[in-house]
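K.L.:
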Amino acid sequence: MSLRFSVKLRRGEFLLETEAEIPSEKVTGLIGPSGSGKTTLLRILAGLEPEASGRISLGKSVWLDSAKGIHLPAHLRRIGYVFQHAELFPHLDVSQNIEYARKRANPADALSRAEIIETTGIDTLLDRHVATLSGGERQRVAIARALAANPVLLLLDEPLSALDDVARQAMASQLESILRAAPMPVIHVTHNLAEAAKLSDHLLRMRHGVIEQSAPTRDALVEASLEDETKAGPFALVYARVSHRDENYQLAHLDTEIGPIVAPLGAVPSSAESRLCIYARDVALSRVEPEQASILNVLPARVIQKKPHDPSSILVELACSKGVLQAIVTRRSADQLQLEPNSSIFALIKTVTFAKTPFT
Amino acid sequence: MNVSEIWIPLYLTAKLAFVSTVILLLVCIPVAWLFARKNFLGKPLLESIIALPIVLPPSVLGFYLLVCFAPDGPLGRLSEAMGGPSLVFSFSGLVLGSVVYSLPFVFQPLQNAFAEIRQEQLDAAATLGAGPFDRFFTLVLPNARPGLLTAAVLGFAHTVGEFGVVLMIGGSIPGETRTMSIAIYENVEALDYEQAHLFAGIMLVSSLCLLSVVYAYGRANSLFKR
């Protein structure tokens, strides 16, 4: 089953005219700079833009077909939508907000109330009035409410964008767990490439109202690696599996493509499978294996190639076990270390940096 | 003094205000919703017409209503042709006049309350499966409650305080068109200050009671929302 759309909407100067087909069983990231039309596209898919024309279908159900005069209104499409500002109903408490969705939901294969509360971690919030919730709590309730409507497709419009840094860190790994557990396909909008890489299996890149690329996340990232779309610069996406949880030191031991890695427990989602975004600026290089250093992650690597990064530094691409890693080092260090393609080297990743990535 | 002398105009005033307010709410809620959400040609003109009773002297409004309501006026003839009641010097005419006179006081708070409901809230309800009527009754009306209350209270109070229009189109028929304000005026004209004091006092106290209840309710509500 796949979601196909070919839609058009003009609003003043802005024209959105694009098409794509995405695998609907997975989490799709929709990424692009501000003003590229990401939110508008989501609203068109959800049926919230009555002036949009074209065709939208999910599997056999057709939501929009201008040629045949089909325009299913939003409330009949059964598409869950998590808004940037949550949009909880202020006259209802948290529990009643969830019930509002459940009352109107298709009961077939719906997640139970208990499952939704468990997944989103809102059990302590149920009796609270929505005006008393923090930004992160509000978004969790909004996601719970969207799940409670048992939608056939879940759309998230930058659910982390309205949060402050602290709340965003806390919410990020929770969001990953929630999306992995969601029983329906998800499209997740962000302007942060790292966020999209970590959360999605498929990526759509959008610019000036057009989807320029639709590809599996990995393939999309290869072309994207040098584009500085995140404030923190280039990064490598690493698939990881939790092998051991060290409650004493609050560290997770991960088996990854680039070798064994240790990361803070708080930075790793509760699901066994996970992804890490390792920023090139957080990777240091050493000719010798450091002993008695505070750095926990020391990985043997081999230089693949060097690329210019800025006037004083270069980006080094490294083969590391079965994966790829990137490092930014000064040109001076590169010369001193005599970094050339195929040189053997040790990549050092400071453990605590995982806690800050990828949501900078 | 006869108890019914107080009771009849008091009851008539309350009945007039109540009936007018109910009619106004029923008419204004859908129209104000439309005005709050949609832009269309001629909307500013219609809004101006609705607001006219705020700026027009009641005697001017009363005069035009009298002309319209008279047996040979357009509305008077329409009412007669449809087998309806006479519109001048009758309770029905008074209700119709009050509806016109108090229209902006009910319409504007409703329009403002509806305009404050953000489109995203309605969108959220739609994505949760709520259709247009469902959204209106489960989201719009509950969130517009303070505006509804203000509209109802203003409409009621403004009709209670009506004098010029009643005088022009209603006259002073006991039990039919002789409201409290007319009764007070007549008492003063007849130099019966004792009765005027009594009527005015009743109006003062009952108005104060009504407003106190409304403010107390509003405060309880806003405290609840904090």
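Chains A and B, in that order, are what the protein sequence lines are.
With the working numbering, letter number 78 in the first sequence gets 78, and the count goes up by one each step, no holes.
For the working numbering, add 1000 to where a residue sits in the second sequence, where the first one is 1.
By construction, the Cβ of each residue, glycine as well, lies at the ideal position given by its N, Cα and C atoms.
The structure presented is a predicted model; accordingly, all values stated were derived computationally and were not measured.
1. If contacts are defined as beta-carbon pairs under 8 Å, then Arg138 of chain A and Gly121 of chain A qualify, I think. What distance do you get, rounded to the angstrom?
2. Give me the chain B residues within the contact set of Gly80 of chain A, using Cβ-Cβ distance strictly less than 7 Å, ordered along the chain.
3. Would you identify the three-state DSSP class for Ala196 of chain A, choosing helix, strand or coil?
4. Tell me whether the beta-carbon of Ala252 of chain A lies closer than 8 Å to the beta-carbon of Ala263 of chain A.
5. Given a threshold of 16 other Cβ atoms within 10 Å of its Cβ, counted over all protein chains shown, does Glu291 of chain A qualify as buried or as exposed?
6. Please decide whether Asn1143 of chain B counts as near chain A, where near means a Cβ-Cβ distance under 8 Å.
7. Tell me whether the beta-carbon of Ala1128 of chain B lies closer than 8 Å to the beta-carbon of Ala149 of chain A.
8. Beta-carbon of Gly1218 of chain B versus every beta-carbon of chain A: anything under 8 Å?
9. Work out the CA separation of Val1153 of chain B and Lys198 of chain A for me, nearest whole Å.
10. Taking 8 Å as the CB-CB limit, is Leu1110 of chain B close to chain A?
11. Whose Cβ in chain A lies nearer than 7 Å to the Cβ of Gly1131 of chain B?
12. Between which two residues does the beta strand (DSSP E) holding Pro1053 of chain B run?
13. Quick check: the Cα distance between Val288 of chain A and Ala334 of chain A, rounded to an integer number of angstroms?
14. DSSP state of Leu226 of chain A, grouped into three classes?
15. Can you round the beta-carbon distance between Val130 of chain A and Leu156 of chain A to whole angstroms, since I take them to be within the 8 Å contact cut?
16. Going along chain A in order, which residues have a C-beta closer than 7 Å to the C-beta of Leu1139 of chain B?
17. Asp1123 of chain B lies in the beta strand (DSSP E); which residues open and close that run?
18. Ignoring anything shorter than 4 residues or poking outside the segment 1141-1166 of chain B, list the alpha helix (DSSP H) runs there in chain order.
19. Leaving out five residues on either side along the sequence, give the residues of the same chain with a beta carbon under 8 Å from the beta carbon of Leu226 of chain A.
20. Select from A:Leu154, A:Ala194, A:Arg128, A:Ser24 the residue whose C-alpha is nearest the C-alpha of Ser173 of chain A.
21. Give me, in chain order, the residues of the same chain whose beta-carbon lies closer than 7 Å to that of Leu1096 of chain B; leave out the 5 immediate sequence neighbours on both sides.
22. Which two residues bound the contiguous beta strand (DSSP E) that contains Ser343 of chain A?
23. Hey, how far is the Cα of Glu87 of chain A from the Cα of Glu1120 of chain B?
24. In terms of DSSP beta bridges, what is Lys1015 of chain B paired with?
25. Go ahead and label Tyr100 of chain A buried or exposed: buried means 16 or more other beta carbons lie within 10 angstroms of its beta carbon, across all protein chains shown.
26. Assign Ala240 of chain A to one of three DSSP states: helix, strand, or coil.
27. Given a cut-off of 8 Å on the beta-carbon distance, is the pair Gly1175 of chain B and Leu1025 of chain B in contact?
28. For the putative contact between Arg180 of chain A and Tyr239 of chain A, defined by C-beta atoms under 8 Å, what is the C-beta separation to the nearest angstrom?
P.N.:
Let me lay it out:
1. Actually they are not in contact, since the Cβ atoms of Arg138 of chain A and Gly121 of chain A sit about 13 Å apart, beyond 8 Å.
2. What Gly80 of chain A touches in chain B: Thr1127.
3. helix
4. yes
5. exposed
6. yes
7. Residue identity check: residue 1128 of chain B is Leu in the sequence provided, not Ala. In contact: Leu1128 of chain B and Ala149 of chain A (Cβ atoms closer than 8 Å).
8. no
9. 56 Å
10. no
11. His75
12. Taken as a continuous stretch (DSSP letters only), Pro1053 of chain B belongs to no beta strand (DSSP E), being part of the alpha helix (DSSP H) at 1043-1055.
13. 14 Å
14. For Leu226 of chain A, the predicted model reports a pLDDT of 45, less than 50, meaning its position is unreliable; a value from the coordinates is still stated below. Note: Leu226 of chain A maps to coil in three-state DSSP.
15. Not confirmed; about 19 Å, so no contact.
16. Phe89
17. That residue, Asp1123 of chain B, is in no beta strand (DSSP E); its alpha helix (DSSP H) goes 1119-1127.
18. 1145-1160
19. Caution is warranted here: a pLDDT of 45 is assigned to Leu226 of chain A, below 50, making its placement in the model unreliable, and the coordinate value is therefore given only provisionally. Here the set comprises Pro234, Lys307, Leu315.
20. Out of A:Leu154, A:Ala194, A:Arg128, A:Ser24, the CA that lies nearest to the CA of Ser173 of chain A is found in A:Ala194.
21. Leu1087
22. For Ser343 of chain A, there is no enclosing beta strand (DSSP E), as DSSP marks it with neither H nor E.
23. 7 Å
24. DSSP, once it has assigned bridges, lists no residue as partnering Lys1015 of chain B.
25. buried
26. Correct three-state label for Ala240 of chain A: strand.
27. no
28. Contact flag wrong, Cβ pair sits at about 13 Å.
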